[in-house]
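Quick notes on the structure that follows.
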Amino acid sequence: MRLSIATAAACLLGMLSTAMASNERKVFAHYMLGLTYGQTASDWALDISTAKAAGIDGFALNAGPNDSFGDQQLDLAYKAAEAAGFKVFVSFDMGCCGAWDINKVVRWINAYKGSTAQYKVNNVPFVSTFEGPTWADQWANVRSQTGGIYLVPDWSSLGPNGIAGQLGKIDGAFSWEAWANTPGPKTTDADRAYRSTLGSKSYMMGVAPFFYTNIADYNKNWYWGPETLWFDRWEQVLQIMPDFVQIISWNDYGESHYIGNSRESSIIPQAKRYASGIPHDGLRMVLPYYIASYKAGARVSIPNEGAVFWYRTSPKNAGNDGGTTYGPSGTTKAIDAINDVVYVMTLSNTDTSVFVTIGGNGQQFQVKKGVDIVKMPFNSRTGQVRVVMQNGKNGVGAKDIVAYPVNGNVNFNPVVGQTN
Numbered sequence: 245m246r247l248s249i250a251t252a253a254a255c256l257l258g259m260l261s262t263a264m265a266s267n268e269r270k271v272f273a274h275y276m277l278g279l280t281y282g283q284t285a286s287d288w289a290l291d292i293s294t295a296k297a298a299g300i301d302g303f304a305l306n307a308g309p310n311d312s313f314g315d316q317q318l319d320l321a322y323k324a325a326e327a328a329g330f331k332v333f334v335s336f337d338m339g340c341c342g343a344w345d346i347n348k349v350v351r352w353i354n355a356y357k358g359s360t361a362q363y364k365v366n367n368v369p370f371v372s373t374f375e376g377p378t379w380a381d382q383w384a385n386v387r388s389q390t391g392g393i394y395l396v397p398d399w400s401s402l403g404p405n406g407i408a409g410q411l412g413k414i415d416g417a418f419s420w421e422a423w424a425n426t427p428g429p430k431t432t433d434a435d436r437a438y439r440s441t442l443g444s445k446s447y448m449m450g451v452a453p454f455f456y457t458n459i460a461d462y463n464k465n466w467y468w469g470p471e472t473l474w475f476d477r478w479e480q481v482l483q484i485m486p487d488f489v490q491i492i493s494w495n496d497y498g499e500s501h502y503i504g505n506s507r508e509s510s511i512i513p514q515a516k517r518y519a520s521g522i523p524h525d526g527l528r529m530v531l532p533y534y535i536a537s538y539k540a541g542a543r544v545s546i547p548n549e550g551a552v553f554w555y556r557t558s559p560k561n562a563g564n565d566g567g568t569t570y571g572p573s574g575t576t577k578a579i580d581a582i583n584d585v586v587y588v589m590t591l592s593n594t595d596t597s598v599f600v601t602i603g604g605n606g607q608q609f610q611v612k613k614g615v616d617i618v619k620m621p622f623n624s625r626t627g628q629v630r631v632v633m634q635n636g637k638n639g640v641g642a643k644d645i646v647a648y649p650v651n652g653n654v655n656f657n658p659v660v661g662q663t664n
């Protein structure tokens with residue numbers, strides 16, 4: 245693949261970043277602490293062992309200010325991470341559910357800064373946020389009361405230009421812009437703008453597979469794409485080479501971008517109709533390759549050949565689209581931004597082929613060495629989705645494609661499968 249001058253420059257910028265050496269690049273997954281009510285130590289241990297097996301270095305623990313179970317679950321998370329040699333840090337959610345008391349922020353940081361699980365940079369705790377630019381002036385006080393922190397907030401509402409006016413208060417920035425703002429491809433324009441603005445400060449790049457939410461209580465009903473985002477965004481990580489990557493998310497079922505173990509008790513009631521019984525585990529299959537390549541600064545051999553595939557379970561024009569738009573304030577219908585396609589992402593150390601079928605009917609595709617992606621249209625076919633690699637590895641989707649959705653509503657949350 246030929247690199248453009250701009251792409252080559254981005255690669256060079258990533259490799260020359262003075263903020264972090266290449267062997268210190270880390271990959272974290274965004275973990276919603278607010279969905280852990282009743283979660284046990286063994287639940288935490290399972291999630292951590294699963295994440296480690298995929299090559300993930302730690303969890304960014306998104307925590308709200310008023311969860312009654314927050315202290316208990318935070319303690320369970322740190323203890324489980326300590327036992328497993330895993331890293332965690334708190335991401336203070338300042339975009340939802342009330343205001344943060346500075347005393348609580350300080351208390352949490354001080355309580356865990358000595359933990360072996362606390363991720364640190366320059367020997368001080370790494371701290372992040374979800375939004376909260378109006379809280380910016382309080383971080384200096386937090387630093388003085390905790391002995392120092394390494395602050396990499398997500399203030400994406402400001403954008404790169406707004407971040408430029410806050411550089412004296414932060415050590416880096418995390419961008420939540422993991423999706424295309426308008427229908428079409430996701431570009432790296434925002435990533436490049438952040439890198440340019442931050443200079444030698446750290447850049448944490450957001451990577452996500454999907455986005456669909458439809459929760460009336462929160463006035464949320466939108467979709468973001470593109471549908472090939474999981475492939476596109478990891479390829480972009482290898483172009484940009486950010487200091488950190490944060491996967492959005494491990495367990496946010498309500499926004500359909502979860503890659504972790506499905507836990508029914510953590511799916512809020514209004515999201516069950518589109519997230520319950522819809523596995524995304526297969527997405528993790530690509531992580532050992534991409535994470536190893538990202539950390540090495542060059543593509544490595546495929547450690548686990550096979551394929552991951554995803555699809556919606558009914559044609560987009562069958563059933564009620566629920567008024568879902570593209571983006572939170574968009575006017576484009578979400579159904580106009582999706583296609584009736586089975587997407588197959590292949591990983592192979594040689595050129596090979598993959599056979600994709602719906603209800604026993606399909607076609608064979610030639611795929612390139614490394615990571616490739618192919619697309620097979622529904623073409624009115626229904627039934628079981630099956631993917632077979634030339635090497636014999638095969639997988640079957642957890643749900644069939646049907647002509648009309650069971651509950652009458654279009655589900656924009658894809659089913660994900662993988663080969664054995």
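Residue numbers for the sequence shown follow this note's numbering, beginning at 245 and rising by one. Yeah, the Cβ is synthetic: ideal placement off N, Cα and C, and Gly gets one too.
- According to the DSSP assignment, V631 belongs to the beta strand (DSSP E) that extends over 629-633.
- Burial of N655 is indicated by the presence of at least 16 other C-beta atoms within 10 angstroms of its C-beta.
- By the criterion of a C-beta distance shorter than 6 Å, S573 is surrounded by no residue of its chain, once the five residues flanking it on both sides are discounted.
- The continuous stretches of beta strand (DSSP E) do not include V349, which lies in the alpha helix (DSSP H) extending over residues 346-356.
- Comparing alpha-carbon positions, the option among M589, R507, P429 lying closest to G550 turns out to be M589.
- Every beta strand (DSSP E) stretch that sits fully inside the region 479-519 and reaches 3 residues is listed by chain position as 488-491.
- DSSP places Q317 in the uninterrupted alpha helix (DSSP H) bounded by 314-328.
- Between F272 and Y363, the CB-CB gap stays under 9 Å.
- By the neighbour-count criterion, in which a residue is buried when 16 or more other Cβ atoms sit within 10 angstroms of its Cβ, N347 is exposed.
- If you check the CB distance, R528 and T294 come in under 9 Å.
- Taking the Cα positions, I491 is about 6 Å away from A452.
- Per DSSP, Q389 lies in no beta strand (DSSP E); the unbroken alpha helix (DSSP H) holding it starts and ends at 383-390.
- With a 10 Å radius around the Cβ and a threshold of 16 neighbouring Cβ atoms, E268 comes out exposed.
- By the neighbour-count criterion, in which 16 or more other beta carbons inside 10 Å mark a residue as buried, K613 falls on the exposed side.
- Distances from the CA of N564 to each of W554, K577, P309 were compared; the closest alpha carbon is that of K577.
- For secondary structure counted as the alpha helix (DSSP H) over 4 or more consecutive residues, the region 573-652 holds no complete run.
- Following the DSSP letters along the chain, one finds S446 inside the beta strand (DSSP E) bounded by residues 446-451.
- The shortest CA-to-CA distance from R439 to any of P470, N405, G392, N465 is the one to N405.
- Nearest C-alpha to G652 among V659, P559, G636: P559.
- Spanning the alpha carbons of G391 and A355 requires a straight line of approximately 12 Å.
- Of the candidates E421, P309, F374, L290, the residue whose Cα lies closest to the Cα of G342 is P309.
- In the DSSP assignment, Y456 falls within the beta strand (DSSP E) that extends over 455-459.
- Contact between V334 and W352 holds: CB atoms are separated by about 6 Å, below the 8 Å threshold.
- In this structure, V371 places its C-beta atom within 9 Å of the C-beta atom of F336.
- DSSP, reduced to helix, strand and coil, places W468 within a strand of the structure shown.
- The alpha-carbon separation between S444 and G627 amounts to approximately 52 Å.
- The residue among L305, D398, K516, K323 with its C-alpha nearest the C-alpha of A285 is K323.
- Using a C-beta cut-off of 8 Å, the region 394-414 makes no contact with the region 452-469, since fewer than three inter-stretch Cβ pairs fall below that distance.
- By the Cβ test, the region 475-490 is in contact with the region 525-545, since at least three Cβ pairs between them sit closer than 8 Å.
- Non-local beta-carbon contacts of I511 in its own chain, meaning distances under 7 Å to residues more than five positions away in sequence, involve Y497, A519, S520 in chain order.
- Here A417 really is in contact with Y447; their C-beta atoms are around 6 Å apart, less than 8 Å.
- The continuous beta strand (DSSP E) containing G550 extends over residues 550-555.
- Distance from the CA atom of Q514 to the CA atom of N458, rounded to whole angstroms, is 8 Å.
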